[in-house]
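The sequence shown begins at 6 in this note's numbering and counts up one residue at a time.
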Amino acid sequence: MQDAAVKSGLAALCAVSGMAALGLTDNFVPFITERGSLWQFHFVRGVMAVAILMVLAALGFGILRPRRFWAVAGRSLFQAGAMLIYFGCLAFLPIGVVVAGLFTSPLFVLMISALFQGKRVGPWRWGAVAVGFAGALMVIRPDPSDLDPVAFLPLLAGALYAIGAVATRAWCEGE
């Protein structure tokens, strides 16, 4: 029981740290895209991530070789697509709109879990997702008379991120 609590605490710490790092980089994307391309940003970000992972693996905190290559590759394609759209949108949409769009991913996770995996979802979870989605709508403030299809791209990023999250749990357990 102690081991599970430690792993849960470590997982929560990693999630919070990751979100903090993502939030920090989000604010610099508009400045970076003024001087360079989005591809340069993703390349540098990727090189930094791989370097950090290599150091962690060398210190004994996991391995870099996946056990099921195709499962990890498939999951990674969804996550990469979500992040490309997300960071691409940060260059020309307000950060609040882009973040709100990505944060619709719990709604998509819930729908995927209920509709495609047959998981039972209780009223509290549906309620929490409804409140979160209402909050996203309050930030995005869609106006039917001034509807720009580009405003839906962050929602697509949220859907891809959700698919990646569900795929991670379903395909990549133990990785």
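Ideal Cβ placement from N, Cα and C applies to all residues, glycine included. Since this is a predicted model, take the numbers as computed values, not measurements.
Relative to the C-alpha of residue i, which residue among the options is closest?
i    : options                  : result
I117 : I168, A133, V103 and M88 : I168
V144 : G101, G51 and Q84        : G101
F66  : G14, R40, R73 and I57    : I57
A156 : G140, V114 and V104      : V104
Compute the beta-carbon to beta-carbon distance between residue i and residue j, rounded to the nearest angstrom, for a pair I have assumed lies under 8 Å.
i    : j    : result
L204 : M59  : Residue 204 cannot be examined here, being either before or after the span of the chain that is shown, 6 to 180.
F48  : F92  : In fact, because the Cβ distance is near 12 Å, the residues do not count as touching under 8 Å.
V77  : E178 : At roughly 11 Å, the Cβ-Cβ gap does not stay under 8 Å, so V77 and E178 are not in contact.
A172 : F108 : Not really, about 19 Å apart at Cβ, beyond 8 Å.
Secondary structure at residue i, three-state DSSP: helix, strand or coil?
i    : result
R80  : helix
L186 : Coverage of the chain is limited to positions 6 through 180, which leaves residue 186 absent and any answer about it impossible.
C177 : coil
For residue i, which residues from the same chain have a beta carbon less than 8 Å from its beta carbon, with the 5 sequence-adjacent residues on both sides left out?
i   : result
I90 : L158, P159, L161, A162 and L165
Cutting at 6 Å between CB atoms, please list the residues of its own chain near residue i, excluding the five before and the five after it.
i   : result
A25 : none
Segments assigned alpha helix (DSSP H), at least 4 residues, entirely inside the region 104-170: 110-120 and 128-145
Complete runs of the alpha helix (DSSP H) confined to the region 33-79 [at least 4 residues]: Runs of the alpha helix (DSSP H) inside the region 33-79: 43-63.
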